[in-house]
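Participant: In UniProt numbering, the protein residues as written are 1 to 254. Note that beta-carbon positions come from the ideal geometry of N, C-alpha and C, so glycine has one too. My questions all concern the structure below.
This is the structure we're talking about:
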């Protein structure tokens with residue numbers, strides 16, 4: 001039984017309206033988490049944490065230990081902010097899957113794949129951030145151990161491209177498929193995402209080089225993948241906000 005309320009709406013209708021409004025607000029918040037992630041990662045980990053400029057893999061253990069020992073309090077604050085930013089990727093990936101689901105009339109395989117890969121990405125980004133924090137916790141430890149922890153952190157942060165490629169593949173397939181149930185993201189976003197995936201692949205070269213263009217301080221090994229990675233999040237934030245407006249503007253709250 002439904003109960004009439006103000007303006008002639010029933011209690012059930014008001015509950016549905018309130019639920020849809022809450023969902024819309026949460027999706028908007030989650031979409032902006034992508035931009036927040038980029039700011040907190042590169043601003044926190046990179047600038048405040050002291051890892052941009054990057055510490056070279058070719059540096060001696062003593063040079064690495066000296067770099068890690070500078071401004072330890074500021075470094076820890078920056079790394080903590082980076083950790084917060086990485087955690088914000090979870091609601092961001094969630095809203096991507098929520099919107100992708102609208103384009104999949106049957107089994108939501110691609111939206112599920114995107115979310116699973118997103119969870120893995122969050123985990124593999126959090127782990128090196130924690131190791132960076134461990135490294136900063138005792139800057140007086142032996143330089144050789146600091147070098148090993150630094151190597152682990154950089155390689156684990158930059159290298160794990162396979163789950164990102166899985167995420168990208170899911171988004172590209174959903175966006176570029178013929179006659180989707182709903183064209184959630186513009187097709188150019190699919191092509192842009194595909195190119196981002198291509199530009200991320202050279203990051204694998206950092207395990208073969210300690211200096212030069214292919215190293216984790218190099219243009220090909222780090223900067224091109226990092227810029228592509230950093231730009232993709234604001235672009236997807238824009239695409240998500242557009243999709244959310246489309247969803248609720250059309251009255252589709254599924």
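Can you give me the Cβ contacts of residue 233 inside the same chain, cut-off strictly under 7 Å, excluding the 5 residues immediately before and after it?
Facilitator: Here the set comprises 34, 35, 37, 38.
Participant: Relative to the C-alpha of residue 91, which residue among 134, 118, 247 is closest?
Facilitator: That would be 118, whose Cα lies nearest to the Cα of residue 91.
Participant: How many whole angstroms separate the CB atoms of residue 82 and residue 41, which I take to be in contact at a CB cut-off of 8 Å?
Facilitator: Confirmed, Cβ separation roughly 5 Å.
Participant: Please state if the CB of residue 164 and the CB of residue 190 are separated by a distance shorter than 8 Å.
Facilitator: Contact flag unset, no.
Participant: Which ranges would you report for the alpha helix (DSSP H) in the stretch 144-187 if only whole runs of at least 4 residues count?
Facilitator: Listed in chain order, the complete alpha helix (DSSP H) runs (minimum 4 residues) inside the stretch 144-187 are 162-176.
Participant: Pick out the complete alpha helix (DSSP H) segments inside the stretch 64-99, 4 residues or longer, and give them in chain order.
Facilitator: The qualifying runs are 72-87.
Participant: Within a Cβ cutoff of 7 Å, which residues of the same chain sit near residue 155, ignoring the five residues on either side of it in sequence?
Facilitator: The answer, listed in chain order, is 206, 207.
Participant: According to the Cβ coordinates, are residue 79 and residue 49 closer than 8 Å?
Facilitator: It is a contact, given that the beta carbons lie within the stated cut-off.
Participant: Give the single residue among 64, 66, 60, 93 whose Cα lies nearest to the Cα of residue 29.
Facilitator: Checked all of 64, 66, 60, 93; the closest Cα to residue 29 is 93.
Participant: Since I believe residue 135 is in contact with residue 74 (beta carbons under 8 Å), could you give me their beta-carbon distance rounded to a whole number of angstroms?
Facilitator: Contact flag wrong, Cβ pair sits at about 14 Å.
Participant: In the structure shown, what three-state DSSP assignment does residue 129 receive?
Facilitator: Residue 129 falls in the helix class under three-state DSSP.
Participant: How about residue 158 and residue 209: do their beta carbons lie closer than 8 Å?
Facilitator: Taking 8 Å as the Cβ cut-off, residue 158 and residue 209 do not qualify as a contacting pair.
Participant: Could you tell me the distance, in whole angstroms, from the CA atom of residue 175 to the CA atom of residue 103?
Facilitator: Those two C-alpha atoms are separated by around 8 Å.
Participant: For residue 243 and residue 64, what's the separation of their Cα atoms in angstroms?
Facilitator: Distance between the alpha carbons of residue 243 and residue 64 is about 46 Å.
Participant: Closest to residue 71 by CA distance: which of 168, 110, 62, 137 is it?
Facilitator: For residue 71, the nearest C-alpha among the options comes from 137.
Participant: Taking all protein chains shown into account, do 16 or more other C-beta atoms lie within 10 angstroms of the C-beta of residue 237, making it buried, or fewer, making it exposed?
Facilitator: Residue 237 should be labelled buried.
Participant: So is residue 106 buried or exposed if we call it buried at 16+ other beta carbons inside 10 Å?
Facilitator: Burial call: exposed.
Participant: Going by beta-carbon coordinates alone, are residue 239 and residue 185 separated by less than 8 Å?
Facilitator: Yes, these two residues count as a Cβ contact at 8 Å.
Participant: Looking only at its chain, what residues have a beta carbon closer than 6 Å to the beta carbon of residue 125, apart from the 5 residues adjacent to it on each side?
Facilitator: Answer for residue 125: 86, listed in chain order.
Participant: Which residue from 249, 31, 166 puts its Cα closest to that of residue 197?
Facilitator: Among 249, 31, 166, the Cα nearest to that of residue 197 is on 166.
Participant: Along the chain, where does the alpha helix (DSSP H) containing residue 236 start, and where does it finish?
Facilitator: 224-249 is the span of the alpha helix (DSSP H), which, as asked, contains residue 236.
Participant: Report buried or exposed for residue 58, applying the criterion of at least 16 other Cβ atoms within 10 angstroms of its Cβ.
Facilitator: Flag for residue 58 reads exposed.
Participant: Thinking C-beta only, is residue 133 closer than 8 Å to residue 76?
Facilitator: Contact: yes.
Participant: Could you compute how far the alpha carbon of residue 216 sits from the alpha carbon of residue 201?
Facilitator: Their Cα atoms are separated by approximately 13 Å.
Participant: Could you compute how far the alpha carbon of residue 99 sits from the alpha carbon of residue 143?
Facilitator: When rounded, the distance between both Cα atoms is 48 Å.
Participant: Please say whether residue 147 and residue 61 have beta carbons closer to each other than 8 Å?
Facilitator: Yes, these two residues count as a Cβ contact at 8 Å.
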